[in-house]
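As structure tokens, the structure follows; a few thoughts come after it.
Protein chains: 2
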Amino acid sequence: MATIKDVAKTANLSISTVSRYLNKHPYISEDKKKRIKEAMKKLNYTPSSIATQLRSKKGKMIGILVSRITNPFFSYLVDAIEKQAKIDNYNVLIMQTYDDKYAEIKMLEMLKQHVINGLIMCSVEGSPQMIESYQEFAPIVLCNEQLEQVSIPNVITDQLEGTYQGIKFLIEKNYKKIAYCTGGTLNIEGHGKLRTEGFERALIEKKLDFKKEWIFQEVHTTKDGYDVAKKIFKLPKNIRPDAIFTNSDEVAIGVLEYMIKQNFIVPDDLAIMGFDNQPFTSVLATPLTTINQPIEALGKESTKLLISLINKKLYNVDKSKLKLTIIQRKSV
Amino acid sequence: MATIKDVAKTANLSISTVSRYLNKHPYISEDKKKRIKEAMKKLNYTPSSIATQLRSKKGKMIGILVSRITNPFFSYLVDAIEKQAKIDNYNVLIMQTYDDKYAEIKMLEMLKQHVINGLIMCSVEGSPQMIESYQEFAPIVLCNEQLEQVSIPNVITDQLEGTYQGIKFLIEKNYKKIAYCTGGTLNIEGHGKLRTEGFERALIEKKLDFKKEWIFQEVHTTKDGYDVAKKIFKLPKNIRPDAIFTNSDEVAIGVLEYMIKQNFIVPDDLAIMGFDNQPFTSVLATPLTTINQPIEALGKESTKLLISLINKKLYNVDKSKLKLTIIQRKSV
DNA sequence: ATGAAAGCGCTAACAC
DNA sequence: GTGTTAGCGCTTTCAT
Chain F
4 MATIKDVAKT ANLSISTVSR YLNKHPYISE DKKKRIKEAM KKLNYTPSSI ATQLRSKKGK
64 MIGILVSRIT NPFFSYLVDA IEKQAKIDNY NVLIMQTYDD KYAEIKMLEM LKQHVINGLI
124 MCSVEGSPQM IESYQEFAPI VLCNEQLEQV SIPNVITDQL EGTYQGIKFL IEKNYKKIAY
184 CTGGTLNIEG HGKLRTEGFE RALIEKKLDF KKEWIFQEVH TTKDGYDVAK KIFKLPKNIR
244 PDAIFTNSDE VAIGVLEYMI KQNFIVPDDL AIMGFDNQPF TSVLATPLTT INQPIEALGK
304 ESTKLLISLI NKKLYNVDKS KLKLTIIQRK SV
Chain V
4 MATIKDVAKT ANLSISTVSR YLNKHPYISE DKKKRIKEAM KKLNYTPSSI ATQLRSKKGK
64 MIGILVSRIT NPFFSYLVDA IEKQAKIDNY NVLIMQTYDD KYAEIKMLEM LKQHVINGLI
124 MCSVEGSPQM IESYQEFAPI VLCNEQLEQV SIPNVITDQL EGTYQGIKFL IEKNYKKIAY
184 CTGGTLNIEG HGKLRTEGFE RALIEKKLDF KKEWIFQEVH TTKDGYDVAK KIFKLPKNIR
244 PDAIFTNSDE VAIGVLEYMI KQNFIVPDDL AIMGFDNQPF TSVLATPLTT INQPIEALGK
304 ESTKLLISLI NKKLYNVDKS KLKLTIIQRK SV
């Protein structure tokens, strides 16, 4: 690998002059510019970004933390972030946490180590205080997440309202026995807490019962959804729910899968409400009624906010496009 | 930010001793170990990976190039690669090319600049010679891709054979007028060339006709598939194909979508063969008959091969799990 | 306008 | 076992 030294030697100039050329410093004579260009071409030289970063500390990399890239919600979110980041010449380093606190810390440490210059967290595992403390090293933006009692900038949709509307939609369609899935646990703060609040609000408002048999915690995958359905249909008919509000289309598809296999009819035997409006949910055996998340806007605004923060500038998040909407199809 | 110097000063030791501790050098007295630990905690010290990389040149980052992370084939492939990379403590830097040669070059340049220590290319755009030349800087492994006339290690499945079997399957099911989709163009080398060869071989063997109206080039997305279907059903009935072999489930879903919308029946009006066996293809309105790709094995073997190359060791790819298999469902 | 020289934070001989 | 020292490739004063 040719270094700046080699270029300087070949062009018969000092290292500093070459460095200035590289950094587009004004006032370098045309003659020397040409000599440098030639030397660089001859030696096939590329600056070592490692050395540049070491010295100047201004890298151009942002990190994204997602729980699982195979979840289309996240892959589309990453896609949106990357498209926006590219505009400002940032590269993107993606890491999956698999809900593992340790992996999250590894990424946060990269902030400290200047591997990344900012981080968008689309999933959070560790304690709010711990995460907050890392802001000392570089900006962090929470995307589609919210942390209480600490101050970390975020861009979010109104998950409480979205869920509230979704449940209300179900009730108005005359479903009264509503099962509910959440990725978290009901007790602990975090994961889906706001959605659960929206769920409760709608139920209370419509004076409907809660039944602990209808609440499913820590469900994430299609397989989890499948297992939830299995449990539901094992319930005696009189206490079996007539609709299920899932926390993602992936989970909803698991429920659907079980019902198809057992020859149950959607929505007659059980209505299914998805969440995310993922691609292909309109072409399923029963097209899914679901809640659309504004992924594009979420990714774009988070990125704009983060890059502004990196450049120590202000940015007002445009909230106009961050609305959740119900997509009505056949499963409800 | 505290540096190794600060730690040394605080612990009242030399920089080297601290460095040795950091690098798990044997034989450091327990007393000093403790002093170093305390100093590190007190100063909240983390080594700068930039400096470490500059000095030792042994970063721990591998790059992955995919065309679009939103394509489940790639997100699952990335997932498999990441899981394997983690075992050897490598982090993973993902970049999307969007079939853009320029983005690809940007990633290749990162090889030069030591940002990444190896690259897995799950998609290739530029000229074989250009890509080959970058091996000078760090190892490159092609995953699910093949380049002629140059020598770049790769791990692949037999796409020709897979397609040949797929088309033969169609013919044996008594479909004789087979439409064919490819991501590339028929003339130029690259993109789907081997699959096209498999297609041709099966047709010739079974003495079936080619019709240029049945060939669709440069189709990638669900929307492309939708448009292909539209064209097919505009054809006069006597020259309309009775089956379509698509190049991905995404495309197949587009075809399905159009047919549902227009009230055509799958497979009676047109049989659809997918490619990839993506999640949820079994729960579609018409469950998709498709070709399963061994994504797990592809990712795992590519990563093992790349890391071996980085460490200048030999590795023999385990080909036993790299087989394409037909998944028979309802669309054929 | 250009060059010399002092580091950035770390590792790795080499010496003791 | 531990300290001293010379860089890694680059940027950035400070001279000239």
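For the record, the sequence lines run as chains F and V.
Mapped onto the working numbering, the consecutive letters of the first sequence carry residue numbers 4 to 335.
Mapped onto the working numbering, the consecutive letters of the second sequence carry residue numbers 4 to 335.
Ideal Cβ placement from N, Cα and C applies to all residues, glycine included.
Sorted by chain position, which residues of the same chain lie with C-beta nearer than 8 Å to residue i's C-beta, five sequence neighbours on each side aside?
{"i": "F:Pro131", "result": "Leu150, Glu151, Gln152, Val153, Ile155"}
{"i": "V:Asp321", "result": "Ala300, Glu304"}
{"i": "V:Met98", "result": "Gly66, Ile67, Leu68, Val69, Ala106, Lys109, Met110"}
{"i": "F:Lys60", "result": "His117"}
{"i": "V:Met64", "result": "Tyr93, Asn94, Val95, Leu96, Val118, Ile119, Asn120"}
Let me know the secondary structure DSSP gives residue i once reduced to three states.
{"i": "V:Thr55", "result": "helix"}
{"i": "V:Ile268", "result": "coil"}
{"i": "F:Asp279", "result": "strand"}
{"i": "F:Ile119", "result": "coil"}
{"i": "V:Thr188", "result": "coil"}
{"i": "F:Glu135", "result": "helix"}
{"i": "F:Glu151", "result": "coil"}
{"i": "V:Tyr352", "result": "Absent from the model: residue 352 of chain V. The displayed extent of chain V is 4 to 335, so no value can be given."}
{"i": "V:Gly129", "result": "coil"}
{"i": "F:Lys307", "result": "helix"}
{"i": "F:Val335", "result": "coil"}
{"i": "V:Phe140", "result": "coil"}
{"i": "V:Gly201", "result": "helix"}
{"i": "V:Gly169", "result": "helix"}
{"i": "F:Gly302", "result": "helix"}
Can you tell me which residues form a DSSP beta bridge with residue i?
{"i": "V:Ala274", "result": "V:Ala246"}
{"i": "V:Tyr183", "result": "V:Ile218, V:Phe248"}
{"i": "F:Gln99", "result": "F:Val69"}
{"i": "F:Met124", "result": "F:Leu68, F:Leu145"}
{"i": "F:Val158", "result": "F:Cys146"}
{"i": "F:Asn94", "result": "F:Met64"}
{"i": "F:Leu287", "result": "V:Leu287"}
{"i": "F:Asn177", "result": "Beta-bridge pairing links F:Asn177 to no other residue."}
{"i": "V:Asn295", "result": "V:Asp279, V:Thr328"}
List the whole-angstrom C-beta distance separating residue i from residue j, where the pair is believed to meet the contact cut-off of C-beta under 8 Å.
{"i": "V:Ile329", "j": "V:Gly169", "result": "6 Å"}
{"i": "F:Phe76", "j": "F:Ser251", "result": "7 Å"}
{"i": "F:Leu287", "j": "V:Ala288", "result": "7 Å"}
{"i": "V:Ala14", "j": "V:Ala42", "result": "4 Å"}
{"i": "V:Gly165", "j": "V:Asn120", "result": "Contact doesn't hold; Cβ gap of about 32 Å is too wide."}
{"i": "V:Lys307", "j": "V:Tyr318", "result": "6 Å"}
{"i": "F:Tyr167", "j": "F:Phe248", "result": "Wrong, their Cβ atoms sit about 11 Å apart, outside the cutoff."}
{"i": "F:Ile72", "j": "V:Ile218", "result": "With a Cβ gap of about 34 Å, F:Ile72 and V:Ile218 do not count as contacting."}
{"i": "F:Asn147", "j": "F:Ile134", "result": "So it is not a contact: roughly 15 Å between Cβ atoms."}
{"i": "V:Thr185", "j": "V:Gly195", "result": "4 Å"}
{"i": "V:Phe283", "j": "F:Ile256", "result": "6 Å"}
With a CB to CB cut of under 7 Å and the five nearest residues on each side skipped, what residues in its chain are close to residue i?
{"i": "V:Arg332", "result": "Ser285, Pro290, Leu291, Thr292"}
{"i": "F:Glu216", "result": "Leu238, Ile242"}
{"i": "V:Lys324", "result": "Pro297, Ala300"}
{"i": "V:Leu259", "result": "Val269, Ile275, Leu287, Ala288, Thr289"}
{"i": "V:Ser22", "result": "Ile7"}
{"i": "V:Tyr79", "result": "Ile298"}
{"i": "F:Lys176", "result": "Val335"}
Leaving out five residues on either side along the sequence, give the residues of the same chain with a beta carbon under 6 Å from the beta carbon of residue i.
{"i": "V:Gln162", "result": "Leu197, Arg198"}
{"i": "V:Gln281", "result": "Pro75, Asp252"}
{"i": "V:Asp279", "result": "Phe76, Ser251, Asp252, Gln296"}
Inset, instruction - Enumerate, from N- to C-terminal direction, the unbroken alpha helix (DSSP H) stretches of 4 or more residues contained entirely within the region 5–71 of chain V. - result: 7–14, 18–25, 33–46, 52–59
Inset, instruction - Go through the region 206–264 of chain V residue by residue and report every complete run of the beta strand (DSSP E) that reaches 3 residues or more, in order. - result: 246–248
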